[in-house]
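J.: Going by my numbering, the first residue of the sequence shown is number 18, and it counts up by one from there.
The following block contains the structure, expressed as C-alpha cells.
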Amino acid sequence: MTIQFNEETFRDDYSFRNSAWAIKRFPFPFHEDSYMYSVNMEQHQGGPEGSIYEKRFDVDEHYLSEMQDRALVLAEDPLRCQSLPHMTLAGWDTLELIMVSKSEDYPDLFELHRDGDRWRWVNKPMGIDHSFTFLDETTLPCGPLEYITRQTQGDFAVLDQRDEMLWMDAGMVTTQADWSLDFDIGMNFFEWHAPVPLAHEMGIFKRALKFLLNVQQGAPARRLNWTMTVNPRLDTSPENYHKWGIQKTTLTPENIGAKQHLRVELQTFFRLPRSNALLFPIRCYLIAFQDVVTVPKWGRRLHRVLSDLPDELATYKGFIDNRPMMLDYLSQYDDGLPTSPGIWPDVDSEPPLQR
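Listed below in C-alpha cells is the structure:
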C-alpha cells in the first residue's frame with residue numbers, strides 16, 4: 018500500500034492519531050491474560066504481511082511527524098545523540114544497514130545507489146537527495162549515526178561487545194520511556210538495567226545477555242516491551258520529566274479513554290559486520306485506550322493483565338496511582354469471555370463484546 022503520512026504532533030496540542038490501519042497492525046504486547054518479565058526473544062525474520070514485523074525497519078503513517086519531533090528534541094538537547102570515539106565504525110555500519118534495508122523494503126520511498134565508496138541516498142518523504150563517500154565523515158553534514166537516525170523512526174542504542182559484556186557506547190535516544198542516554202552512556206548491560214524490579218532476581222538479564230552476545234550477523238532478534246504514557250508524548254525522558262510527569266494528574270474518568278496510552282516498544286537486535294557491535298533499535302508505538310478497546314480481544318486482555326500485575330511493576334512503569342481508574346474504564350470491555358492466544362487482533366474469530 019502507499020503510506021499516507023499524518024500531519025500530527027507528539028506535544029503541545031497532541032494531535033497524534035492512529036488510523037484504522039495503524040490500530041489493526043499495532044503490536045499489542047500481551048500474548049496471554051497475564052504478564053511477567055521474560056526474555057521473550059525470537060528471530061526477527063519478517064512476519065505477517067502488513068504487520069510491524071514484516072520489514073526490517075518499519076515505516077508507517079507517523080514517519081514524518083516523528084522525524085519532526087526528533088529534530089525538535091535534538092535542537093533543545095544535542096546530547097540525546099552521542100557516540101564515543103571508538104564507535105564511529107559502528108555508526109557507518111548502522112548507516113549501511115538502514116539504507117540498504119529501507120531501499121530494499123520500501124523502494125517507492127527510498128533509493129540507495131552505490132559505486133564503490135561513492136554512494137547516493139534518496140529519501141523521498143523527507144526530500145533528501147545526497148551523495149557522499151562511505152566511511153568519510155567529511156562528506157556528511159554530521160556523524161553517520163546521527164545522519165541516518167534523524168531519518169529513521171525509533172531510538173537506537175549501539176552496544177560495543179568486549180570482555181563478554183555489552184556496553185552502551187553510542188546512541189540516538191529521543192523517544193525513550195524514562196531513561197537517559199546521557200546518564201547511561203558508557204555503562205554495561207547490567208548497570209543500565211539496574212533500576213528494573215524483579216527481573217534481576219529471576220535471572221532474566223543474565224539469560225538475555227547470554228542470548229544477545231551470541232546474536233549473529235544476518236540473524237537479528239526481536240522482542241516487545243511496554244509501559245504507559247498519559248498523552249501521546251514520544252519524549253518521556255527524565256530530563257523532561259517536569260513536562261510530562263505532571264500530566265499523570267490530569268486523568269479523569271471522562272478523559273482516560275482518549276488520554277491514557279499504551280506504549281509499546283519493538284526492540285530489535287542486529288549484529289553489525291565491521292565493528293561487531295550490536296545495534297539495538299527501540300521503536301515506540303502509541304495507542305489510546307479508546308482505540309485498544311475497539312479490538313474485543315485486546316480490551317478483555319488489557320483489563321486482566323493490569324488487574325493481576327504486581328504492584329512493583331505498576332510502580333516501576335509509573336501508573337500505580339492511576340491503575341484503579343484504568344481498571345474501572347477497562348472493566349466495561351471485559352465480559353469474561355475467553356481470549357485466543359497470541360498478540361494479533363483475531364477480529365474474524367474473536368466474539369464481540371457481550372454487554
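Virtual Cβ for every residue (Gly too), placed ideally from N, Cα, C.
Model, not experiment: these values are computed from the prediction.
How long is the line joining the alpha carbons of V364 and H320, rounded to whole angstroms?
T.: 18 Å
J.: Less than 7 Å between C-beta atoms, sequence neighbours within five positions excluded: which residues of the same chain meet that for V232?
T.: A238, F286, R288, L295
J.: Can you check the segment 95-119 for any beta strand (DSSP E) of at least 3 residues that lies completely inside it and give the ranges in chain order?
T.: Qualifying beta strand (DSSP E) stretches, in chain order: 98-100.
J.: Hey, quick one: how far does the alpha helix (DSSP H) through A88 stretch, first residue to last?
T.: 80-93
J.: May I have the straight-line CA-CA distance separating K119 from Q170, to the nearest angstrom?
T.: Roughly 12 Å between the two C-alpha positions.
J.: Would you mind sorting D29 into buried or exposed? The rule is 16 or more other CB atoms within 10 Å of its CB.
T.: exposed
J.: For W446, which of helix, strand or coil comes out of DSSP?
T.: No statement about residue 446 is possible, as the shown extent of the chain runs from 18 to 372 and does not include it.
J.: Can you tell which of K265, Q284, E282 has its C-alpha closest to the C-alpha of K276?
T.: K265
J.: Which partner residues does Q60 have in the DSSP bridge list?
T.: A238
J.: Between S55, F306, P212, which lies nearest to M245 when the distance is taken from Cα to Cα?
T.: F306
J.: Where does N35 fall in DSSP's three states?
T.: coil
J.: Going by alpha carbons, who is nearest to P358 out of E208, K314, A92?
T.: K314
J.: Does the beta-carbon of G35 have 16 or more other beta-carbons within 10 angstroms, so that it is buried, or is it exposed?
T.: Per the sequence shown, the amino acid found at residue 35 is Asn instead of Gly. N35 comes out buried.
J.: At the level of alpha carbons, what is the spacing between F22 and R179?
T.: 41 Å
J.: According to DSSP, T246 sits in a beta bridge with which residue or residues?
T.: T246 is bridged to H278.
J.: Please report the straight-line C-alpha distance between V247 and D132, rounded to a whole angstrom.
T.: 48 Å
J.: Spatial neighbours of K141 within its chain, please: C-beta separation below 6 Å, excluding the five flanking residues on both sides.
T.: L126
J.: I need the DSSP call for I337, collapsed to helix, strand or coil.
T.: coil
J.: In this structure, does DSSP put S324 in helix, strand or coil?
T.: helix
J.: Compare the Cα-Cα distances from D146 to each of I165, D153, S366 and report the closest residue.
T.: I165
J.: For P44 versus I360, is the C-beta distance shorter than 8 Å?
T.: yes
J.: Quick check on the DSSP output: what are the complete alpha helix (DSSP H) runs of length 4 or more inside the segment 133-217, in order along the chain?
T.: 161-166, 198-201, 206-209
J.: Is the beta carbon of E78 closer than 8 Å to that of I20?
T.: yes
J.: Indicate whether L91 and T191 have their beta-carbon atoms separated by less than 8 Å.
T.: yes
J.: Which residues share a DSSP beta bridge with R288?
T.: L295
J.: Could you check how far apart the C-beta atoms of D177 and L96 are, in whole angstroms? I think they sit under 8 Å.
T.: Actually they are not in contact, since the Cβ atoms of D177 and L96 sit about 19 Å apart, beyond 8 Å.
J.: Can you name the residues that DSSP bridges to E128?
T.: V139
J.: Enumerate in chain order the residues of its own chain whose CB-to-CB distance from T150 is below 8 Å, with the five nearest sequence positions on each side excluded.
T.: D134, R135, W136, T156
J.: Distance, Cα to Cα, L229 vs W261?
T.: 32 Å
J.: Is it buried or exposed, Q60, if we count other Cβ atoms within 10 angstroms and call 16 or more buried?
T.: Counting of Cβ neighbours within 10 angstroms places Q60 among the exposed residues, the total staying below 16.
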